[in-house]
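Below: one structure, written as structure tokens.
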Amino acid sequence: MGTKGREIVGLDADKLIELLNKAFADEWLAHYQYWVGAKVARGNMRGQVVAELEEHSGDELRHAGMLADRIIQLGGVPILKPEDCYKMTNCGYDAPEDPSVENLLKQNIKGEQCAIEAYNELLAFTKDKDTVTYRMAEEILEDEVEHEEDLEAILEDLKKAR
Ligand code: FE
Ligand code: FE
Ligand code: MG
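This is how it looks when you write it as structure tokens:
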């Protein structure tokens, strides 16, 4: 834990760590949802969809890493048991039981929209109080906005191709 680094945070650090762990849970579940979705995907434009899902899967894992590092900097502990991700998540987990590319895109768009809201809230919470977390949330939010747009664009193309 960085002693001075924690001291300058103008927020209840335990509350902040809890919010970061909730986002961390979301990222792990999103990572897995993309990862397994890419494995089971079926249907038109499968190759393109799988490439996008795999890319996003990697991005979500990278986000989880950023959050874990920040939690540790603040003296917290990232979620240690996968089952706790289910208890902490904001955005939940949508199992890709229907593996059609259309359903996968819709499920993941919903997840991205939830992530966008969650990071927007984290930004509001940390603004002018914790610059380090604020800038990290900003960077992640940029990716989530791009993810949503990428998936919506593919879904549009898919509808046109029908
Ligand atoms: Fe993410
Ligand atoms: Fe995302
Ligand atoms: Mg993308």
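So for the sequence shown, the working numbering puts the first residue at 1; every next one is plus one. Ideal Cβ placement from N, Cα and C applies to all residues, glycine included.
Residue i versus the options, residue with shortest Cα-Cα distance
i           : options              : result
residue 73  : 20, 5 and 44         : 5
residue 132 : 66, 22 and 52        : 66
residue 105 : 20, 23, 31 and 41    : 41
residue 98  : 107, 49 and 90       : 107
residue 71  : 145, 22 and 52       : 22
residue 93  : 7, 28 and 62         : 28
residue 188 : 126, 54, 130 and 114 : Lying before the first or after the last residue shown, residue 188 is absent from the chain, which here runs from 1 to 162.
residue 85  : 110, 96 and 32       : 32
Residue i burial status per 10 Å Cβ neighbour count (16 or more: buried)
i           : result
residue 161 : exposed
residue 124 : exposed
residue 112 : buried
residue 60  : buried
residue 153 : exposed
residue 15  : exposed
residue 39  : exposed
residue 52  : buried
residue 146 : exposed
residue 64  : buried
Spatial distance of residue i from residue j (CA atoms)
i           : j           : result
residue 128 : residue 136 : 14 Å
residue 56  : residue 102 : 16 Å
residue 43  : residue 100 : 6 Å
residue 69  : residue 2   : 12 Å
residue 58  : residue 76  : 24 Å
residue 158 : residue 47  : 12 Å
residue 87  : residue 30  : 15 Å
residue 37  : residue 49  : 10 Å
residue 25  : residue 19  : 10 Å
residue 155 : residue 62  : 25 Å
residue 149 : residue 34  : 16 Å
residue 126 : residue 89  : 19 Å
Query raised in the report: With contact counted as at least three CB pairs below 8 Å, one residue from each stretch, are the stretch 75 to 83 and the stretch 140 to 159 in contact?
Result: no
Requested in this report: Tell me, please, whether the stretch 3 to 17 touches the stretch 111 to 121 by the rule of three or more beta-carbon pairs shorter than 8 Å.
Outcome: no
Query raised in the report: Listed by chain order, which residues have C-beta atoms less than 7 Å from any heavy atom of ligand 1?
Result: 27, 30, 59, 60, 63, 115, 140, 143 and 144
Query - Closer than 7 Å to ligand 3: residues, by C-beta to nearest heavy atom, in chain order - result: 52, 55, 56, 146, 147 and 150
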